[in-house]
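Colleague:
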Amino acid sequence: MAETSTPTSTPLTAHGINPSGDVHWNLDTDALVDISLSRNEGVLSAHGALVTETGERTGRSPNDKYIVDDDSTHDDVNWGDVNVSTDLATFERMRAKVVDFLSSQDTLFVQDLACGAEPGEALPIRIITQNAWHSTFARNMFIRPSVEELASHTPEFTVFHAPHFEAEDASLNSKCFVIVNYAAGEVIIGGTRYAGEIKKSIFSVMNLILPRKGILPMHCSANTNGENTAIFFGLSGTGKTTLSADPKRALIGDDEHGWGANGVFNFEGGCYAKLIDLSEEDEPEIFGTTRRRGTVLENVVLNDEGVPDFTDVSKTQNTRGSYPIEFIDNRTMDSRGGHPQNVIFLTCDAFGVLPPISRLTPEQAAYHFISGYTAKVAGTEIGVKEPQATFSACFGEPFMPMHPGVYADLLSAKMEEHGSTAWLINTGWNGGPYGVGKRMKIRYTRAMLNAALDGDLDNVEYVKDNRFG
């Protein structure tokens, strides 16, 4: 067995893994891309991005996610169809199989990273995987510790990622599984190559840990102009990444944040953007990242010249780009911002009924946050082929293990304390439902959003809608 780079203070044997092949520790992105290519895990686009495929599963598999029901979770988790329980025996049985599988691989890749940019709140994590491209993804998406920090890095949560191991277990729903064991500080993932499962599993972990500290975890993007911080709630595909990447405002993060005593902080060190119909005109900053070495393009089709065709949905409508946040020039250097002056709920209304923009009272804000009316956008989950109306509490129910009321109470308290204004923006259809009307143009939505953030809507006349007010 050969090891590259320097292992940190916790060896793989501490996890029960006894590698039979090479172990690559904390390789940088260039090295990981080269190894990915040498192992035929992907190809380079004409502009140098790593292009990969995830096979059958091109989105999250929400029906295959489980949480171990034990003393650490039993009273706090909102058990049901979303947060499905499993017992410790099942976890340990599957963990043993995953550990044996990883131990048998000719190569393993380890990344020691962190989740959470707020000093004192960062969660040290470890991602162990069999694929170089998934290690690249993890390195893109989470916060990369310094060399000095790595020397004493002790993971509090470890992800055992075995995408090519398929479950054969009667207690599970399919060959795919994502099982979170909070007490052990471990996540096991198998049977899916969709990289988003890695980031969302750690997001779910933060969403149980932080509320116990009085910190609100949020499925949102965030940006700031230095004085005015804004957060954008919404399900995947509703515009969080697109609308928060604004040349006039510095990006804090595109998907996962906490709201604590000092303001808003990003959980991640990168972005995971939907790329369907991406254009340089409408989304120049995101478009630019797709032409960088180090970006991972997931299930993107290349034309004969090796150039991405973002209109081609032959593999999936859920094409994705993973890149480090440093690829966005206009960003906050510390991935943090002040207390939000504006809280925006992005809803993709598949029926074309909601107005393009509405200002909400505190009571309306609480209602819309808890109800989370929106649509699942095609491709973001297995089996979703066209927009499906849904109610997703907190605009992120699949990732929120606690009762929605816990998060809603935290949001209401923080908005009241800091005088935040709430807005509801429809990024879905107008002039009729899906198939009849047309989806809101990004530039129109951005113009309305900018008017709200710039204060241009503070003193205009408002009309109360009796159906929604």
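The sequence shown begins at 37 in the numbering used here and counts up by one. C-beta: ideal position from N, C-alpha, C; glycine also. Bear in mind that the values here come from a model prediction, so they are computed numbers and not experimental data.
Relative to the alpha-carbon of H83, which residue among G342, C384, W459, A153 has its alpha-carbon at the smallest distance?
Modeller: For the purposes of this step, residue 83 is taken as the residue at position 47 of the sequence shown. The option with the nearest alpha carbon to H83 is G342.
Colleague: For S358, write down the residues that DSSP places opposite it in a beta bridge.
Modeller: What you label residue 358 is simply residue 322 of the sequence shown in a count that begins at 1. Y308, V332.
Colleague: Alpha carbon to alpha carbon, how far is Y359 from F346? Give it in angstroms, no decimals.
Modeller: One-based indexing of the sequence shown puts residue 346 at position 310. One-based indexing of the sequence shown puts residue 359 at position 323. When rounded, the distance between both Cα atoms is 16 angstroms.
Colleague: I'd like to know whether the C-beta atoms of V69 and R329 end up nearer to each other than 8 angstroms.
Modeller: The residue given as residue 69 occupies position 33 in the sequence shown. The residue given as residue 329 occupies position 293 in the sequence shown. Contact: yes.
Colleague: Can G512 and I361 be called in contact, C-beta distance under 8 angstroms?
Modeller: No information on residue 512 is available, as it lies outside the stretch 37 to 505 that the chain covers here.
Colleague: What is the DSSP secondary structure of N243, counted as helix, strand or coil?
Modeller: One-based indexing of the sequence shown puts residue 243 at position 207. In the structure shown, N243 sits in a helix (DSSP, three-state: H, G or I).
Colleague: Go through its chain and collect everything with a Cβ distance to T277's Cβ below 8 angstroms, but skip five positions before and after it.
Modeller: Taking the sequence shown and counting its residues from 1, one reaches residue 277 at position 241. Cβ within range, chain order: S257, D290, D291, C307, Y308, A309, K310, I322.
Colleague: Indicate the three-state DSSP secondary structure (helix, strand or coil) for L390 in the structure shown.
Modeller: Taking the first residue of the sequence shown as position 1, residue 390 is located at position 354. Looking at L390 - three-state DSSP - the assignment turns out to be coil, as it is neither helix nor strand.
Colleague: Output the boundary residues of the beta strand (DSSP E) element that contains L149.
Modeller: As a working note, residue 149 is residue 113 in the sequence shown. 143-151 is the span of the beta strand (DSSP E), which, as asked, contains L149.
Colleague: What is the DSSP secondary structure of I364, reduced to helix, strand or coil?
Modeller: Along the sequence shown, one-based indexing puts residue 364 at 328. Reduced to three states, the DSSP call for I364 is coil.
Colleague: Are the beta-carbon atoms belonging to F435 and S240 less than 8 angstroms from one another?
Modeller: Position 399 of the sequence shown holds residue 435. Position 204 of the sequence shown holds residue 240. Yes, these two residues count as a Cβ contact at 8 angstroms.
Colleague: I103: which of L159, N119, T463 sits nearest, CA to CA?
Modeller: Taking the first residue of the sequence shown as position 1, residue 103 is located at position 67. Of the listed residues, the one whose Cα sits closest to I103 is N119.
Colleague: Quick check on the DSSP output: the beta strand (DSSP E) that includes E292 runs from which residue to which?
Modeller: If you number the sequence shown from 1, residue 292 lands on position 256. Unbroken beta strand (DSSP E) run through E292: 292-296.
Colleague: CA-CA distance, D365 and L186?
Modeller: As a first step, residue 365 must be located in the sequence shown, where it is residue number 329. As a first step, residue 186 must be located in the sequence shown, where it is residue number 150. Distance between the alpha carbons of D365 and L186 is about 26 angstroms.
Colleague: Of the choices D318, H170, E319, I312, whose alpha-carbon is the least far from that of P344?
Modeller: Locating residue 344 in the sequence shown gives position 308, counting from the first residue. With distances taken between Cα atoms, P344 lies closest to I312.
Colleague: Taking the C-alpha atoms as reference points, what is the distance between N302 and N495?
Modeller: Counting from 1 along the sequence shown, the entry for residue 302 is found at position 266. Counting from 1 along the sequence shown, the entry for residue 495 is found at position 459. Their Cα atoms are separated by approximately 32 angstroms.
Colleague: Going by DSSP, what residue range makes up the beta strand (DSSP E) through N217?
Modeller: Counting from 1 along the sequence shown, the entry for residue 217 is found at position 181. Run containing N217: 213-217, per the beta strand (DSSP E) assignment.
Colleague: Are three or more beta carbon pairs between the segment 191-204 and the segment 152-171 nearer than 8 angstroms?
Modeller: The segment 191-204 is in contact with the segment 152-171.
Colleague: Give me the residue from R96, A125, K235, E204 with the minimum Cα distance to V413.
Modeller: Locating residue 413 in the sequence shown gives position 377, counting from the first residue. Looking at the Cα atoms, R96 is the closest of the given residues.
Colleague: Just tell me which of F268, H60, N99 has its CA closest to the CA of T481.
Modeller: As a position in the sequence shown, residue 481 is number 445, starting the count at 1. Measuring from the Cα of T481, the nearest candidate turns out to be F268.
Colleague: Can you tell me which residues form a DSSP beta bridge with N378?
Modeller: Here residue 378 refers to the residue found at position 342 of the sequence shown. According to DSSP, N378 bridges with A266, T457.
Colleague: Between which two residues does the beta strand (DSSP E) containing K477 stretch?
Modeller: Working through the sequence shown from its first residue, we reach residue 477 at position 441. No beta strand (DSSP E) holds K477; DSSP gives it neither H nor E.
Colleague: For P320, which residues in the same chain have their Cβ closer than 8 angstroms to its Cβ, ignoring the five residues on either side in sequence?
Modeller: For the purposes of this step, residue 320 is taken as the residue at position 284 of the sequence shown. Hits under 8 angstroms: P283.
Colleague: Kindly indicate which three-state DSSP category P181 falls into: helix, strand or coil?
Modeller: One-based indexing of the sequence shown puts residue 181 at position 145. It is coil, neither helix nor strand.
Colleague: Rounded to whole angstroms, what is the Cα-Cα separation between G221 and A483?
Modeller: The residue given as residue 221 occupies position 185 in the sequence shown. The residue given as residue 483 occupies position 447 in the sequence shown. About 44 angstroms.
Colleague: What three-state label does DSSP hand E89 in the structure shown?
Modeller: Reading the sequence shown from its first residue, position 53 is the one you call residue 89. Coil.
Colleague: Using only alpha-carbon positions, find the residue among I380, K211, Y218, S140 that is nearest to L159.
Modeller: Residue mapping note: residue 159 aligns to position 123 of the sequence shown, counting from 1. Selected option, being the one with the closest Cα: Y218.
Colleague: For the beta strand (DSSP E) containing H255, list its first residue and its last residue.
Modeller: As a working note, residue 255 is residue 219 in the sequence shown. It spans 252-260 - the beta strand (DSSP E) in which H255 sits, taken as one unbroken run.
Colleague: When the distance is taken between beta carbons, is T397 closer than 8 angstroms to T410?
Modeller: For this step, residue 410 is matched to residue 374 along the sequence shown. For this step, residue 397 is matched to residue 361 along the sequence shown. It is not a contact, given that the beta carbons lie outside the stated cut-off.
Colleague: With 16 as the cutoff for other CB atoms within 10 Å, does S188 come out buried or exposed?
Modeller: Sequence index remark: in the sequence shown, residue 188 carries index 152 (1-based). Exposed.
Colleague: I'd like the list of long-range same chain contacts for R180, defined as Cβ closer than 7 angstroms, with 5 residues on each side in sequence excluded.
Modeller: Reading the sequence shown from its first residue, position 144 is the one you call residue 180. L149, G305.
Colleague: State the CB to CB distance for the pair L124 and D106, rounded to an integer number of angstroms; the pair is presumed to be in contact (CB under 8 angstroms).
Modeller: Translated into the one-based positions of the sequence shown, residue 124 becomes position 88. Translated into the one-based positions of the sequence shown, residue 106 becomes position 70. Yes, L124 and D106 are in contact; Cβ-Cβ is about 6 angstroms, under 8 angstroms.
Colleague: Determine, using beta carbons only, whether V135 and I53 come nearer to each other than 8 angstroms.
Modeller: Here the question's residue 135 lines up with position 99 in the sequence shown. Here the question's residue 53 lines up with position 17 in the sequence shown. Yes, the pair counts as a contact, with Cβ atoms nearer than the cut-off.
Colleague: State buried or exposed for G467, treating a residue as buried only when at least 16 other CB atoms are found within 10 Å of its CB.
Modeller: One-based indexing of the sequence shown puts residue 467 at position 431. G467 should be labelled exposed.
Colleague: Just how far apart, CA to CA, sit I380 and C430?
Modeller: Counting from 1 along the sequence shown, the entry for residue 380 is found at position 344. Counting from 1 along the sequence shown, the entry for residue 430 is found at position 394. If you take the alpha carbons of I380 and C430, they lie about 12 angstroms apart.
Colleague: Could you have a look at P344 and say whether DSSP puts it in helix, strand or coil?
Modeller: Here the question's residue 344 lines up with position 308 in the sequence shown. Residue state, collapsed to three classes: strand.
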